[in-house]
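This report concerns only the one structure given below.
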Amino acid sequence: MGGCAGSRRRRLSDSEGEETVREPRPPLLDHQGAHWKNAVGFWLLGLCNNFSYVVMLSAAHDILSHERTSGNQSHVDPGPAPIPHNSSSRFDCNSVSTAAVLLADILPTLVIKLLAPLGLHLLPYSPRVLVSGICAAGSFVLVAFSHSVGTSLCGVVLASISSGLGEVTFLSLTAFYPRAVISWWSSGTGGAGLLGALSYLGLTQAGLSPQQTLLSMLGIPALLLASYFLLLTSPEAQDPGGEEEAESSARQPLIRTEAPESKPGSSSSLSLRERWTVFKGLLWYIVPLVVVYFAEYFINQGLTSDEHREFAMAATCISDTLGISLSGLLALPLHDFLCQLS
Numbered sequence: 001m002g003g004c005a006g007s008r009r010r011r012l013s014d015s016e017g018e019e020t021v022r023e024p025r026p027p028l029l030d031h032q033g034a035h036w037k038n039a040v041g042f043w044l045l046g047l048c049n050n051f052s053y054v055v056m057l058s059a060a061h062d063i064l065s066h067e068r069t070s071g072n073q074s075h076v077d078p079g080p081a082p083i084p085h086n087s088s089s090r091f092d093c094n095s096v097s098t099a100a101v102l103l104a105d106i107l108p109t110l111v112i113k114l115l116a117p118l119g120l121h122l123l124p125y126s127p128r129v130l131v132s133g134i135c136a137a138g139s140f141v142l143v144a145f146s147h148s149v150g151t152s153l154c155g156v157v158l159a160s161i162s163s164g165l166g167e168v169t170f171l172s173l174t175a176f177y178p179r180a181v182i183s184w185w186s187s188g189t190g191g192a193g194l195l196g197a198l199s200y201l202g203l204t205q206a207g208l209s210p211q212q213t214l215l216s217m218l219g220i221p222a223l224l225l226a227s228y229f230l231l232l233t234s235p236e237a238q239d240p241g242g243e244e245e246a247e248s249s250a251r252q253p254l255i256r257t258e259a260p261e262s263k264p265g266s267s268s269s270l271s272l273r274e275r276w277t278v279f280k281g282l283l284w285y286i287v288p289l290v291v292v293y294f295a296e297y298f299i300n301q302g303l304t305s306d307e308h309r310e311f312a313m314a315a316t317c318i319s320d321t322l323g324i325s326l327s328g329l330l331a332l333p334l335h336d337f338l339c340q341l342s
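As numbered in my numbering, residues 1 to 342 make up the sequence shown, in order.
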């Protein structure tokens with residue numbers, strides 16, 4: 001009996017030991033869960049952040065012709081009908097080029113990206129995201145209920161502010177998450193180009209008016225806020241570990257220099273000289289992107305180890321905005337030239 005009791009106790013103690021060995025497994029599952037939450041979160045942020053920008057470009061023709069269709073509802077005497085820019089032209093011309101919408105949709109973003117690396121980091125991330133979401137919702141409402149081209153363009157400017165502020169904010173935020181989230185963000189922005197254009201075209205072709213279509217998209221800003229405040233995990237909870245830790249150690253410089261752990265807002269300690277030095281190194285990435293985006297939108301109408309990463313992510317994103325802005329400026333005289341052709 002004593003031997004049986006002793007063996008039973010040993011089996012119990014062994015099983016308890018096995019249970020204690022298995023205890024570290026939940027953190028691994030938690031890490032995998034956090035990885036997928038952040039991946040999906042950044043994909044949704046990329047989608048929602050660029051959605052209003054894409055929709056405004058897709059609705060450019062409707063925005064510029066809105067004054068003709070809705071002006072009669074707010075005035076007793078509508079006055080003479082607007083004269084087409086050139087009725088003999090084989091092109092579908094408005095009195096104002098659609099490049100005006102492109103510029104209203106991109107120039108505020110350009111200004112934000114030019115100024116962001118200088119002081120935007122002083123503002124916490126949460127208020128920035130909140131302002132971005134409010135501006136996106138305001139853009140849909142303002143354009144939907146507008147009765148003039150000027151008011152509609154103000155709504156487009158709100159969409160541009162939302163997109164520019166969000167892009168600088170979320171790209172800077174990726175510096176404190178695993179590298180994979182950048183790919184998910186990029187995939188989301190690409191999805192916005194497809195889903196934004198198709199959703200506007202599909203809903204208007206299905207019989208909804210432009211106003212109803214824009215109002216139906218108010219869920220997108222709400223999804224952006226939910227993705228940031230409810231889906232993303234805290235950056236401090238990230239544990240690189242495994243492959244990422246091995247990759248990080250493989251990329252260590254030959255001469256080690258001790259540097260404090262990077263935290264959100266750490267780029268505020270960089271001097272203007274350091275910022276300029278980092279920016280010059282980024283020109284190798286910025287210039288090709290300027291050329292690519294210029295060509296794309298004109299047809300259509302480096303490693304930095306951790307204390308420099310947040311600033312670098314915010315500064316590099318100016319390249320696409322600069323290229324789009326140049327294409328919009330050149331499209332204005334081109335529109336007038338083409339519309340004068342018989």
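Virtual Cβ for every residue (Gly too), placed ideally from N, Cα, C.
Span of the alpha helix (DSSP H) around residue i
i, result
"R348", "Because the chain spans 1 through 342 in this model, residue 348 falls outside it and cannot be assessed."
"C339", "318-339"
"L115", "99-119"
"P210", "210-216"
"T204", "180-205"
"P221", "219-226"
"L173", "149-173"
"H308", "Premise fails: H308 is in no alpha helix (DSSP H) and is neither H nor E."
"L64", "60-64"
Any non-hydrogen atom of the ligand PLP within 6 Å of residue i CB
i, result
"V141", "The model on display carries no ligand, and the ligand PLP is accordingly not part of it."
Length of the line joining the Cα atoms of residue i and residue j
i, j, result
"L330", "Y228", "37 Å"
"V143", "S160", "13 Å"
"L110", "Y200", "25 Å"
"S202", "P235", "For clarity, residue 202 is Gly in the given sequence; the question names Ser instead. Taking the straight line joining both Cα atoms gives about 38 Å."
"D62", "C135", "21 Å"
"L270", "L173", "17 Å"
"V129", "F337", "41 Å"
"T98", "A60", "6 Å"
"Y177", "F140", "31 Å"
"E274", "I182", "24 Å"
"K37", "L102", "34 Å"
"C48", "S65", "26 Å"
"L115", "S327", "21 Å"
"I112", "L232", "24 Å"
"A206", "A197", "14 Å"
"S146", "E307", "45 Å"
"E167", "S132", "9 Å"
"L230", "G138", "22 Å"
"I318", "I286", "7 Å"
"S58", "G190", "15 Å"
"R179", "H35", "11 Å"
"Q211", "D30", "44 Å"
Sequence-distant residues of its chain with Cβ nearer than 6 Å to residue i (five each side left out)
i, result
"L272", "none"
"W184", "A39, F42, W43"
"T204", "T213"
"F170", "L45"
"G193", "V54"
"M217", "F140"
"F51", "A192, G196, I220"
7 Å CB neighbourhood of residue i in its chain, flanking five on each side removed
i, result
"A104", "L153, V156, V157, S160"
"F311", "P117, S267, L270, R275, V278"
"P333", "none"
"L215", "F140, A144"
"L322", "L110, V290"
"S186", "G46"
"L223", "L44, C48"
Proximal residues to residue i (C-beta, below 8 Å), its chain only, five neighbours per side dropped
i, result
"H335", "C93, S97, T98, A99"
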